[in-house]
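Take the sequence shown: its position 337, counted from the start at 1, is 337 in UniProt numbering, and no numbers get skipped. Worksheet for the structure shown next.
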Amino acid sequence: MLSSARLFVLFLFGLLLLNVLSAFVYSRIDLTADARYTLSDGTRTLLENLPQPVHIDVFLTGNLPPGFKRLETAIRENLEESEAIAGANLSYRFVDPLLGTKAEQEKRLIRLAELGLQPTNLFANEGGTRTEQLIVPGAVVSYAGKQVGVLLLKGNKDATPAEQLNQSYEGVEYQLASAIRRITQPVGSRRRVGLLFGHTQVSPERFSDLLATVQETYDLFFADLGKPGPLTDLDALLVLKPDRPFSEQEVYKLDQYVVNGGHALFFVDGQRVDSVSRDGTFAQPLNLGLNDLFFRWGARVNQNVIKDLSCAVIPMDVGNLGDKPNIQLVPWRFYPVLNSFGNSPITRNLDRLYGRFISTLDTVQAPGIQKTMLVQTSPYTSVLKVPALIAYNEARQQPDPKTYTSGTRLVSALFEGSFTSVFANQLLPDSLMKTFRATGKPGGVLICADGDLVVNDVDYKRKTPLPLGYDRFTRTQFANKDFVLNAIDYLTDPNGVIAARARVVPLRPLDGIRVKAERTYWQGLNVLGPLALVAFAGLCWTVIRRRKYGQNA
């Protein structure tokens, strides 16, 4: 038997050995049911391979309400885990944006606004007094002399404040990881995205915001189907609002690109709205020559146009006000606001989308292809077959919900798998047969039946493009750009940082009625309960000692 002294020495030696090992061996265990403290494999790979040190300044700190304090805690925990993986290549700090003199605060807020981090006013009632607090729910990632802003308060604006904060909580890892990837990846070593050239009459400035943002993360190239040879060396291909038909040779190149494991994103219309009359505009059928190709992939873009009671507004002269025209913002049901999404990392916690003259999308049977619904309309829709008159007077009238009976209609879907060529079992020239493949590697295609979803508006007075998805009439920013970027991210690297968007942290709210009714009880239990436990433990210890040593006496 070992003496007490020897046992004590061995215990001290074990503690010392454990501390020495802990300096060299790092280990953490996440015991939560939803693995909320475990980073995704894509994020871990990114952090383990940082080429140079990255520093992050987080500005969501200070005297925050409980919901925002929880978000701050989530950011801190994520950064602690990230720092443990990246080591010396990652550092961070929390900075209160309202510290310092008024001049220093204004300078700091202006700099943050230039990086896209606008301050937010929080209003609350405390003890019957209305209070106002300014916060900056974002961070700045710095690397090699460059900086990028990261907005950390993101979610669906139609959700409750608690749900939106929880959505932001779930998105912390993805927002930070994607910003780190964007700023650390050198040009030339990033994934390659092709922009289809020569099939749209939309001016380049109407795509400028999307393409500028794509270039922050990817290497962007023009893809011309008119040039000899197949489409190669592209991780993704963007087909943005085509309005000119594709020839059979061009369809063949698109077909073979996807069959060989390519990834394509099609934002197309089923109709053309370009002729104007005194009563309105006319929607005409648009045939791009892609019907057979889409059908083989499992999709059909219909030649129709949707009216939706969930819609944006446009300015319209509703009559004279005295001797002047009375311009009012009225609902325009041909501009649907889309807020019904499928279960995919692309659309998880996504805010609303802004559509214009949308067509419906159907899915058809396609062996070996997995279909994922991404975007749908509201249940209150009406579908017009084209050709159809889109009457201006439509906006003046009070809609009758009983006439909007088409139900929820699909607008965008994702198709994944090993695609079969639409040219299979057809006679092809010998020059094409040498490289032709009837089936090939797994690939992915996103089809959206709204070409305008990727077209940004323009401020014609300043002659500058507006952000994609920005409604200048209501000054509302929709999530069109996030939708496209998430889709590119998923198609080019489904196991990368985009996997972090699949994280689910259940929201477990307290019963508000019971909290209000039993407030005093639970406050007393939390204050007096620990004291009672300590007192009980002390009493038990005293009784045990008296019995033990009283008998020996």
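Idealized CB from N, CA, C, for every residue including glycine.
DSSP state of Val202 mapped onto helix, strand, coil: coil
Extent of the continuous beta strand (DSSP E) run through Phe266: 263 to 267
CB contact flag (Ala500, Ser82, <7 Å): no
7 Å CB neighbourhood of Arg93 in its chain, flanking five on each side removed: Asp57
Run of the alpha helix (DSSP H) containing Ile488, from where it starts to where it stops: 480 to 492
Alpha-carbon to alpha-carbon, Gly451 and Gly270: 9 Å
Other residues of its chain near Arg272: CB distance less than 6 Å, five sequence neighbours each side excluded: Gln284, Leu286
7 Å Cβ cutoff met for Phe267 and Leu234: no
First through last residue of the beta strand (DSSP E) which encompasses Asn326: 324 to 338
The region 454 to 463 contacting the region 403 to 417, beta-carbon criterion three pairs below 8 Å: no
For Tyr218 and Val187, the rounded distance between their alpha carbons: 8 Å
Burial state of Pro465 (16 or more Cβ within 10 Å): buried
CA nearest to the CA of Gly62, picked from Pro53, Thr73, Phe221: Thr73
Limits of the unbroken beta strand (DSSP E) element including Leu428: Segment: none, Leu428 is in no beta strand (DSSP E) and carries neither H nor E.
Between the CA atoms of Leu90 and Gly42 - distance to the nearest angstrom: 16 Å
C-beta contact flag for Leu50 and Ala88 at 7 Å: no
Met1 to Ala532 span [Cα, whole Å]: Note on Met1: pLDDT 48, under 50, position unreliable in the model; the coordinate value appears next. Approximately 39 Å, taken between the alpha carbons.
Sequence-distant residues of its chain with Cβ nearer than 8 Å to Gly261 (five each side left out): Gly440, Lys441, Pro442, Gly443
Rounded separation between Trp332 and Leu290 - CA only: 30 Å
Ala103 (DSSP reduced to helix, strand or coil): helix
Sequence ranges, alpha helix (DSSP H) only - wholly within the region 29 to 76, length at least 4: 41 to 48
Between the CA atoms of Phe423 and Val337 - distance to the nearest angstrom: 38 Å
Within 7 Å, strictly: CB atoms of Ile183 and Lys146: yes
Status (buried if at least 16 other CB within 10 Å, exposed otherwise) for Phe415: buried
Candidates Ser344, Thr474, Gly280: closest to Ala388 by CA position: Gly280
Three-way DSSP call (helix, strand, coil) for Gly138 in this model: strand
Residue environment, Pro137, which counts as buried when at least 16 other CB atoms sit within 10 Å: buried
Test: Ala424 CB closer than 7 Å to a CB of chain D: You won't find chain D in this structure, because it holds only one protein chain.
Start-to-end residues for the alpha helix (DSSP H) that takes in Arg296: 291 to 297
Tyr335 burial status per 10 Å Cβ neighbour count (16 or more: buried): buried
Same chain, Cβ closer than 6 Å to Asp489, neighbours up to 5 away in sequence not counted: Ile498
Burial state of Cys540 (16 or more Cβ within 10 Å): exposed
Cβ neighbours of Ala553 in the same chain (closer than 6 Å, five flanking residues each side left out): Confidence at Ala553 is low in this model, with a pLDDT of 49, below 50, so the placement of that residue should be treated as unreliable; the coordinate-derived value is given next. Excluding positions up to five away in sequence, the list is empty.
Residue from Leu71, Val141, Gly298, Leu176 with nearest C-alpha to Phe419: Gly298
Assigned secondary structure, Tyr174 (DSSP; H/G/I helix, E/B strand, else coil): helix
C-alpha gap between residue 557 and Arg396, whole angstroms: The question about residue 557 has no answer, for the chain in this structure spans 1 to 553.
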